[in-house]
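Let me begin by presenting the structure, written as structure tokens, before commenting on it.
There are 2 protein chains.
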Amino acid sequence: MALDSRWFTEEWAEQGAAISLEIKRKLHEEQSPYQRIEIWETGTFGRLMTLDGLVMVTDRDNFIYHEMMSHPVLFTHPKPESVLIIGGGDCGTLHEVLKHPVKQVTQVELDERVTRVAEQFFPALCASNNDPRARLRFADGIQWVKDAEAGSHDVIIVDGTDPIGPAAGLFSEAFYKNCLRTLRPGGLIVGQSESPLFHAGLIMAMHQALRGAGFKDVQTLHFPQCTYPSGWWSATLAGKNGSVANFRAQDARNKTFATRYYNAAVHQGALALPEFLQNQLRVASSE
Amino acid sequence: MALDSRWFTEEWAEQGAAISLEIKRKLHEEQSPYQRIEIWETGTFGRLMTLDGLVMVTDRDNFIYHEMMSHPVLFTHPKPESVLIIGGGDCGTLHEVLKHPVKQVTQVELDERVTRVAEQFFPALCASNNDPRARLRFADGIQWVKDAEAGSHDVIIVDGTDPIGPAAGLFSEAFYKNCLRTLRPGGLIVGQSESPLFHAGLIMAMHQALRGAGFKDVQTLHFPQCTYPSGWWSATLAGKNGSVANFRAQDARNKTFATRYYNAAVHQGALALPEFLQNQLRVASSE
Numbered sequence: 022m023a024l025d026s027r028w029f030t031e032e033w034a035e036q037g038a039a040i041s042l043e044i045k046r047k048l049h050e051e052q053s054p055y056q057r058i059e060i061w062e063t064g065t066f067g068r069l070m071t072l073d074g075l076v077m078v079t080d081r082d083n084f085i086y087h088e089m090m091s092h093p094v095l096f097t098h099p100k101p102e103s104v105l106i107i108g109g110g111d112c113g114t115l116h117e118v119l120k121h122p123v124k125q126v127t128q129v130e131l132d133e134r135v136t137r138v139a140e141q142f143f144p145a146l147c148a149s150n151n152d153p154r155a156r157l158r159f160a161d162g163i164q165w166v167k168d169a170e171a172g173s174h175d176v177i178i179v180d181g182t183d184p185i186g187p188a189a190g191l192f193s194e195a196f197y198k199n200c201l202r203t204l205r206p207g208g209l210i211v212g213q214s215e216s217p218l219f220h221a222g223l224i225m226a227m228h229q230a231l232r233g234a235g236f237k238d239v240q241t242l243h244f245p246q247c248t249y250p251s252g253w254w255s256a257t258l259a260g261k262n263g264s265v266a267n268f269r270a271q272d273a274r275n276k277t278f279a280t281r282y283y284n285a286a287v288h289q290g291a292l293a294l295p296e297f298l299q300n301q302l303r304v305a306s307s308e
Numbered sequence: 022m023a024l025d026s027r028w029f030t031e032e033w034a035e036q037g038a039a040i041s042l043e044i045k046r047k048l049h050e051e052q053s054p055y056q057r058i059e060i061w062e063t064g065t066f067g068r069l070m071t072l073d074g075l076v077m078v079t080d081r082d083n084f085i086y087h088e089m090m091s092h093p094v095l096f097t098h099p100k101p102e103s104v105l106i107i108g109g110g111d112c113g114t115l116h117e118v119l120k121h122p123v124k125q126v127t128q129v130e131l132d133e134r135v136t137r138v139a140e141q142f143f144p145a146l147c148a149s150n151n152d153p154r155a156r157l158r159f160a161d162g163i164q165w166v167k168d169a170e171a172g173s174h175d176v177i178i179v180d181g182t183d184p185i186g187p188a189a190g191l192f193s194e195a196f197y198k199n200c201l202r203t204l205r206p207g208g209l210i211v212g213q214s215e216s217p218l219f220h221a222g223l224i225m226a227m228h229q230a231l232r233g234a235g236f237k238d239v240q241t242l243h244f245p246q247c248t249y250p251s252g253w254w255s256a257t258l259a260g261k262n263g264s265v266a267n268f269r270a271q272d273a274r275n276k277t278f279a280t281r282y283y284n285a286a287v288h289q290g291a292l293a294l295p296e297f298l299q300n301q302l303r304v305a306s307s308e
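Chains as they are written, first to last, in the working numbering: chain A, 22 to 308; chain B, 22 to 308.
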């Protein structure tokens, strides 16, 4: 069957696959200095934000991504007080981070318009933007980390787009070196690391770049994400000093806030890598 | 963008979403007594089999489904010797089951043409069809289990299609009662149970039907499956007598055969249900 104009389609370049969402109407469109921002009302996924035609967030399934970008790293750090988010313009990750007793969260998003549009069309994701612990800055995250004070953060969350265009630098060893410097002793970094099925090569390159930058332990977590390429996504976590395989499981079990995907058992399970990925990472790390 | 005729598209009815795979050409099509069987050469997913226009199997991602339909249940049973597969016409599950030291596997597929076409176009999945331990039967699985000798199997694997049309009966309490009777003491059943994101209601109904039929413990496992609706799939496991939360982890760690997705840690991780599903199952089981 062919899909008509009532559908939004994202073709996953080089993967010979595409996902489509049924659209009721377009609610907003604008060209920001950086990209084309569009908001759609879908049939069953609630609202959809696309940037340059790529799915960023839908009401229906964003909870998995945002919870898995925040709670695993925060329950791995013994006492996260100062958090830096690079990217994250829709503010969903920020909202999850602020459920923890952190002291300050600085979010550095390149495109202020993404955040302003999210505030208008995704109010639930932006519900904590006025939390006194949140500082929203609109600037280049790569430059920000270069200029940042050494040892100023416990956790860095890299919530950027695909490694093409301006976000490509967010996957480089040079960037990770600056992140390492910016972290306090015991500090942790986590970054979105694409699809285990489609982008295993990128995950391996990211492990290599993080280790090359001086991070001591690197672990990938995986989780479903319906509207991202292949429906399967990952985040890669690394520690400035110690291991990141263990976490505060007791605190995660007794968490004082609601989640829809994350819990302590899910955290442990997300660290269990498929055999093919484990084998590829083992070969890569022994080379 | 709109996709042209170079794409195969499956619309996920009622979910307002669709997946498309780039197609090079159609290799085969026929109308069997039960359904329309088509084989396609895709751009990057290898070969694709569809039944009545729905994706059944692709070369690229079938390993996850077939491994998760077989190894968790077989490593949960203490000593599986006699296995019954209902459905499973592409023979991928059968191939995985035969990696274990089982004595006999009976596969009951309704549509012989699905198996014959799979033998021709998916030789890797059918590589064990001539194993002397395998018995291929072409008949109605629901009737087969009704007629089966009591206590004749250790494990039943229900590898059917979506719960519409002839496969709907594979999700009913009446069917599960016959399965229970067919199982030996300590016997286990596992059935594919659709998408946690799209079909949580079906998963709950399946738990209820299995418990209603007399199964003592019911657990759902989840895993990614790119080309099935939402890219996220599940299997639901139940025991005739005891718990199914524990498994032979040491044997799984020391498995003597290769897998690409499954391993002992992945098995444990697949049992860790997302918070929303756990909450819904908790509410449903207390009603």
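C-beta atoms are modelled at their ideal positions from N, C-alpha and C, and glycine is treated no differently.
Note that the coordinates shown come from a computational prediction; the quantities given were computed from them, not determined experimentally.
Determine the extent of the beta strand (DSSP E) in which residue 352 of chain B is found, giving its start and end residues.
For chain B, the structure presents residues 22 to 308; residue 352 of chain B sits outside this window and is missing.
Starting from the C-beta of residue 87 of chain A, find all residues in its chain whose C-beta is less than 6 Å away, skip the five residues before and the five after it, and write them out in chain order.
113, 114, 117
Find out if the Cβ-Cβ distance for the pair residue 127 of chain B, residue 156 of chain B is shorter than 8 Å.
yes
Would the beta-carbon of residue 243 of chain A fall within 8 Å of that of residue 294 of chain A?
yes
For residue 158 of chain B and residue 89 of chain A, the rounded distance between their alpha carbons
45 Å
Enclosing beta strand (DSSP E) for residue 44 of chain B [first to last residue]
38–52
By the 10 Å Cβ neighbour count, where 16 or more other Cβ atoms means buried, how is residue 304 of chain B classified, buried or exposed?
exposed
When you compare the stretch 270–278 of chain A with the stretch 101–111 of chain A, are there three or more beta-carbon pairs, one atom per stretch, that lie closer than 8 Å?
No, the stretch 270–278 of chain A does not touch the stretch 101–111 of chain A.
Could I get the ranges of all uninterrupted alpha helix (DSSP H) runs contained in the stretch 189–270 of chain A, with 4 residues as the minimum, in chain order?
194–203, 221–234
CA-CA distance, residue 178 of chain B and residue 212 of chain B?
6 Å
CA-CA distance, residue 291 of chain B and residue 91 of chain A?
21 Å
Smallest Cα separation from residue 38 of chain B: which of A:258, A:248, A:289, A:255?
A:248
Helix, strand or coil, according to DSSP, for residue 30 of chain A in the structure here?
strand
Contact the stretch 70–77 of chain A vs the stretch 42–59 of chain A: 3+ CB pairs below 8 Å
yes
Residue 207 of chain A: which of A:52, A:278, A:99 sits nearest, CA to CA?
A:99
Could you name the residues of chain A that residue 65 of chain B contacts, counting a contact when the two beta carbons are closer than 8 Å?
Residues of chain A with a Cβ closer than 8 Å to the Cβ of residue 65 of chain B are, in chain order, 35, 36, 37, 38.
Sorted by chain position, which residues of the same chain lie with C-beta nearer than 7 Å to residue 302 of chain B's C-beta, five sequence neighbours on each side aside?
225, 228
Element boundaries [alpha helix (DSSP H), containing residue 113 of chain B]:
Looking at the DSSP string, the run of the alpha helix (DSSP H) that includes residue 113 of chain B is 113–118.
Which first and last residues belong to the alpha helix (DSSP H) in which residue 160 of chain A is found?
Careful: residue 160 of chain A lies outside any alpha helix (DSSP H) and carries neither H nor E.
Tell me, please, whether the CB atom of residue 293 of chain A is closer than 8 Å to any CB atom in chain B?
yes
Which one of B:285, B:241, B:41 has the shortest CA to CA distance from residue 75 of chain B?
B:41
By the criterion of Cβ-Cβ separation under 9 Å, what are the contact partners of residue 82 of chain A in chain B?
218, 251
List, in order along the chain, the chain A residues whose C-beta lies closer than 9 Å to that of residue 310 of chain B?
No answer is possible for residue 310 of chain B: it lies beyond the span of chain B, which begins at 22 and ends at 308.
Looking at chain A, which residues of the stretch 229–248 of chain B have a Cβ within less than 9 Å of any of its Cβ atoms?
243, 244, 245, 246, 247, 248
How far does the beta strand (DSSP E) with residue 56 of chain B in it extend, from its first residue to its last?
Counting along the chain, residue 56 of chain B falls outside any beta strand (DSSP E), and DSSP gives it neither H nor E.
Coil, strand or helix - residue 103 of chain A by DSSP:
strand
Taking residue 280 of chain B as the query, report the chain A residues whose CB atoms sit under 7 Å from its CB, ordered along the chain.
Within 7 Å Cβ-Cβ: 296.
Beta-carbon within less than 6 Å of residue 82 of chain A's beta-carbon, same chain only, minus the 5 sequence neighbours each way: which residues are those?
247, 248
Counting Cβ pairs closer than 8 Å, one from the stretch 253–262 of chain B and one from the stretch 229–240 of chain B, do we hit at least three?
yes
Rounded to whole angstroms, how far is the Cβ of residue 180 of chain A from the Cβ of residue 252 of chain A, which I believe are closer than 8 Å?
At roughly 19 Å, the Cβ-Cβ gap does not stay under 8 Å, so residue 180 of chain A and residue 252 of chain A are not in contact.
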